[in-house]
Amino acid sequence: LDQRKFSLKPYLTEVIRSLGPRLKQTGHRIEIEGDDQVKLTSYPGAFSQVVTNLVMNSIKHGYPYGGHGLMRFEVYQDADRVILQYTDNGCGISPENLNKIFEPFFTTARHGEGTGLGLHITYNLVTQKLGGTIRCESQVGQYTQFTIQLPIEVRKS
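Oh and the sequence shown: position 97 is 1188 in the working numbering, straight run, nothing missing.
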């Protein structure tokens, strides 16, 4: 989990490529948009885990009725911050559940199918290890969107 400088969009592309076999089974598509030039001095391992958790969460919970989903990452820089926006066109999250998604052990999965730790771990990685913020908005039946803001250079933890 060493800190280093990396180009965000190419690294994001690699992480998504590593999820290829799981995605192929589902028929979902992932698009990556935004600025190719954004660089981050941060923890690529933690960043990779965040991206993986978001995608797996969409696959697990976003498309309970099947269908071919579309997940989009958008990367851009705003002054000394990097904004990563992740959106899926899945079933959405109800308002009463939206407040709980980052809590440990909260899951909407059927008994024994989810630990309820994926988004809790994601939240902790973003806010502690990566020194950023994460928020989520959702419209039931339409989309779920996570907005992550990260410092261009994270302080060593």
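Just so it is clear, CB atoms sit at the ideal spot from N, CA and C, and this is done for glycine as well.
A distance of 8 angstroms or more separates the beta carbons of GLN1236 and GLN1140. Going by beta carbons, LEU1241 and LEU1131 fall inside the 8 angstroms limit. Here LEU1210 is not near ILE1239, since their CB atoms are 8 angstroms or more apart. GLY1160 carries a coil assignment under DSSP once its states are collapsed to helix, strand and coil.
Contact between the region 1152-1161 and the region 1095-1115 is not established, with fewer than three Cβ pairs separated by less than 8 angstroms.
Taking THR1117 as the centre and dropping the five residues before and after it, the same chain places the C-beta of ILE1150 closer than 7 angstroms to its C-beta, in chain order.
Under DSSP, PHE1237 forms a beta bridge with TYR1177, CYS1227.
Counting along the chain, the unbroken alpha helix (DSSP H) around ARG1113 starts and ends at 1111-1117. Our two residues, GLU1194 and GLY1125, have alpha carbons roughly 30 angstroms apart in a direct line. Close CB contacts of ASN1144 within its chain, under the 6 angstroms cut and outside five residues either way in sequence, are with GLY1209, THR1213 (chain order).
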